[in-house]
Amino acid sequence: YIETTSPKSKIILPSTVPEDQQVSIKPFKYVEGGKAWAHYSKSDKTIYIDEKELEKRYEAKAWLNPKVEGVNPLPEDAINSLEEWKNFVYAHEKSHTINLRREKESLADYENRTNQIALADLMYQKEIAKKNKESKSLLD
Numbered sequence: 015y016i017e018t019t020s021p022k023s024k025i026i027l028p029s030t031v032p033e034d035q036q037v038s039i040k041p042f043k044y045v046e047g048g049k050a051w052a053h054y055s056k057s058d059k060t061i062y063i064d065e066k067e068l069e070k071r072y073e074a075k076a077w078l079n080p081k082v083e084g085v086n087p088l089p090e091d092a093i094n095s096l097e098e099w100k101n102f103v104y105a106h107e108k109s110h111t112i113n114l115r116r117e118k119e120s121l122a123d124y125e126n127r128t129n130q131i132a133l134a135d136l137m138y139q140k141e142i143a144k145k146n147k148e149s150k151s152l153l154d
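The numbers in the working numbering rise by one with no breaks, and the one at position 100 of the sequence shown is 114.
Listed below in structure tokens is the structure:
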């Protein structure tokens with residue numbers, strides 16, 4: 015786990031969760047008015063994502079226009095590729111499994127906090143990839 019030091023603001027980055035605590039990710043077909051196109055099911059500990067909808071939301075830059083009232087848009091340059099969008103969405107949904115909603119926390123505040131955790135996780139993943147690339151080039 016990677017956590018902050020203050021118990022009050024403790025977070026766990028989704029990509030650092032131990033293997034035995036990981037959840038499965040499965041595809042499903044999004045239907046307007048039904049479950050969200052990306053969501054976590056507590057009952058079967060599974061994240062469901064509609065990949066086609068994920069691509070459509072990337073093209074529409076969905077991070078600029080959140081659907082939940084009170085949720086802040088992310089900066090336009092926060093997501094720079096479909097792969098980053100996919101990693102962000104996965105991290106966001108995984109975060110819901112380990113960084114639970116706090117007592118008296120509004121839905122908008124929880125989603126804003128979850129977005130910040132997912133962005134931090136995306137930056138963490140980029141840093142690890144960069145270090146791996148640098149290490150590989152040193153070995154070549």
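We treat Cβ as the ideally placed atom computed from N, Cα and C, and that holds for glycine.
Quiz item: Would residue 8 pass as a contact of residue 65 if the rule is Cβ separation under 9 Å?
Solution: Lying outside 15 to 154, the shown extent of the chain, residue 8 is not represented and no answer is given.
Exercise. Identify whether residue 118 lies in helix, strand or coil by the three-state DSSP scheme.
Key: Translated into positions along the sequence shown, residue 118 becomes position 104. The three-state secondary structure of residue 118, taken from DSSP, is coil.
Practice problem: Check the DSSP bridge columns for residue 39 and list the partner residues they point to. | Solution: For the purposes of this step, residue 39 is taken as the residue at position 25 of the sequence shown. Bridge partners of residue 39: 61.
Self-check item: Of the residues 45, 96, 55, 127, the one placed nearest residue 71, counting alpha carbons only
Solution: Stepping through the sequence shown from its first residue, residue 71 is reached at position 57. Selected option, being the one with the closest Cα: 96.
Quiz item: In the structure shown, what three-state DSSP assignment does residue 55 receive?
Solution: Indexing the sequence shown from 1 puts residue 55 at position 41. If DSSP states are grouped into helix, strand and coil, residue 55 belongs with the strands.
Quiz item: Can you tell me whether residue 114 is buried or exposed, with buried defined as 16 or more other CB within 10 angstroms of its CB?
Solution: Along the sequence shown, one-based indexing puts residue 114 at 100. Exposure of residue 114 is indicated by the presence of fewer than 16 other C-beta atoms within 10 angstroms of its C-beta.
Exercise. Using the Cα positions of residue 107 and residue 54, report the straight-line distance between them to the nearest angstrom.
Key: Position 93 of the sequence shown, counting from 1, holds the residue named residue 107. Position 40 of the sequence shown, counting from 1, holds the residue named residue 54. Whole-angstrom Cα-Cα distance: 6 Å.
Quiz item: Do you know how far the Cα of residue 119 is from the Cα of residue 102?
Solution: For the purposes of this step, residue 102 is taken as the residue at position 88 of the sequence shown. For the purposes of this step, residue 119 is taken as the residue at position 105 of the sequence shown. When rounded, the separation of the alpha-carbon atoms in residue 102 and residue 119 is 22 Å.
Quiz item: Which ranges does the alpha helix (DSSP H) cover as unbroken runs of at least 4 residues, wholly within the segment 65-107, from first to last along the chain?
Solution: Here the runs fully enclosed are 65-73.
Exercise. Return the Cβ separation of residue 73 and residue 44 in integer angstroms, given the expectation that the two are a contact with Cβ distance under 8 Å.
Key: For the purposes of this step, residue 73 is identified with residue 59 of the sequence shown, where counting begins at 1. For the purposes of this step, residue 44 is identified with residue 30 of the sequence shown, where counting begins at 1. No, residue 73 and residue 44 are not in contact; Cβ-Cβ is about 15 Å, not under 8 Å.
Quiz item: Using a Cβ-Cβ cut-off of 8 Å (strictly less than) and excluding sequence neighbours within five positions of residue 165, which residues of its own chain qualify?
Solution: Outside the modelled stretch of the chain, which goes from 15 to 154, sits residue 165, for which no answer is possible.
Quiz item: Can you round the beta-carbon distance between residue 63 and residue 39 to whole angstroms, since I take them to be within the 8 Å contact cut?
Solution: What you label residue 63 is simply residue 49 of the sequence shown in a count that begins at 1. What you label residue 39 is simply residue 25 of the sequence shown in a count that begins at 1. Confirmed, about 6 Å.
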